[in-house]
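Below is one structure, written out as structure tokens, with a few remarks after it.
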Amino acid sequence: MQRIPTPLLALALLLTVGSLHAADHPFPLNAKRILFLGDSNTHAGAFVAYIEAQLRTNGISPLPELINAGLSSETCSGLTEPDHPFPRPDVHERLDRALAKAKPDVVVACYGMNDGIYYPFGEDRFKTYQSGTRKLID
Numbered sequence: 179m180q181r182i183p184t185p186l187l188a189l190a191l192l193l194t195v196g197s198l199h200a201a202d203h204p205f206p207l208n209a210k211r212i213l214f215l216g217d218s219n220t221h222a223g224a225f226v227a228y229i230e231a232q233l234r235t236n237g238i239s240p241l242p243e244l245i246n247a248g249l250s251s252e253t254c255s256g257l258t259e260p261d262h263p264f265p266r267p268d269v270h271e272r273l274d275r276a277l278a279k280a281k282p283d284v285v286v287a288c289y290g291m292n293d294g295i296y297y298p299f300g301e302d303r304f305k306t307y308q309s310g311t312r313k314l315i316d
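Okay, so the sequence shown: first residue is 179 according to my numbering, each after it adds one.
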């Protein structure tokens, strides 16, 4: 089975969702600043660029400021595998500083890739990830 390249899949999803009218969209139209937190997938910037493209497609104007504060290797669980070269950063250690500096109207958090610390699924790690996610929302 051939896999669809991620950028192509993301583009297809954006084009599908792009057909929605801004009035039908749950996006808070009065947001002036959006802070993106996450791991290297966020830090790489494509995710934020896709969101910007979607906002433009939906006619959002003026565009909010999009702040990419993704950090490679970061987790929301605080877990680090024993053989990792350094302790993985935990978003909770920098969250207050990031919020104070960015003063966002909306925060988008994208975590999970590093939270499993590249081991097979384990209920204990999943519960730690869920707890970290809840703490981030609170």
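No residue lacks a Cβ here, since even glycine has one placed at the ideal position from N, Cα and C.
At the level of alpha carbons, what is the spacing between residue i and residue j?
{"i": "Arg211", "j": "Pro265", "result": "31 Å"}
{"i": "Ala231", "j": "Gly237", "result": "10 Å"}
{"i": "Pro282", "j": "His270", "result": "16 Å"}
{"i": "Ala276", "j": "Phe299", "result": "31 Å"}
{"i": "Pro263", "j": "Glu243", "result": "34 Å"}
{"i": "Ala209", "j": "Ile295", "result": "34 Å"}
{"i": "Asp316", "j": "Gly290", "result": "18 Å"}
{"i": "Tyr228", "j": "Val286", "result": "13 Å"}
{"i": "Thr235", "j": "Val284", "result": "19 Å"}
{"i": "Ala280", "j": "Asp274", "result": "10 Å"}
Would residue i be called buried (16 or more neighbouring beta carbons within 10 Å of its own) or exposed?
{"i": "Ala278", "result": "exposed"}
{"i": "Leu241", "result": "exposed"}
{"i": "Ser309", "result": "exposed"}
{"i": "His199", "result": "Any reading at His199 needs caution, since the residue's pLDDT is 47, under 50, leaving its predicted position unreliable; the model's value is listed next. Flag for His199 reads exposed."}
{"i": "Asn292", "result": "buried"}
{"i": "Ser255", "result": "buried"}
{"i": "Glu301", "result": "exposed"}
{"i": "Val195", "result": "Low local confidence applies: a pLDDT of 44 at Val195 is under 50, so the model's placement there is unreliable, with the coordinate-based value given in what follows. Classification for Val195: exposed."}
{"i": "Glu252", "result": "buried"}
Is residue i helix, strand or coil by DSSP?
{"i": "Asn219", "result": "helix"}
{"i": "Thr306", "result": "helix"}
{"i": "Asp274", "result": "helix"}
{"i": "Ala287", "result": "strand"}
Smallest Cα separation from residue i: which of the options?
{"i": "Thr220", "options": "Ala280, Cys288 and His262", "result": "Cys288"}
{"i": "Arg272", "options": "Leu314, Glu259 and His262", "result": "Leu314"}
{"i": "Tyr297", "options": "Asp274, Gly223 and Thr258", "result": "Thr258"}
Please confirm whether any heavy atom of the ligand SAH lies closer than 6 Å to the CB of residue i.
{"i": "Asn208", "result": "The ligand SAH is not part of this structure, which contains no ligands at all."}
Counting beta carbon pairs with one atom in the region 242-257 and one in the region 211-224, are three or more of them shorter than 8 Å? Using a C-beta cut-off of 8 Å, the region 211-224 makes contact with the region 242-257, since at least three inter-stretch Cβ pairs fall below that distance.
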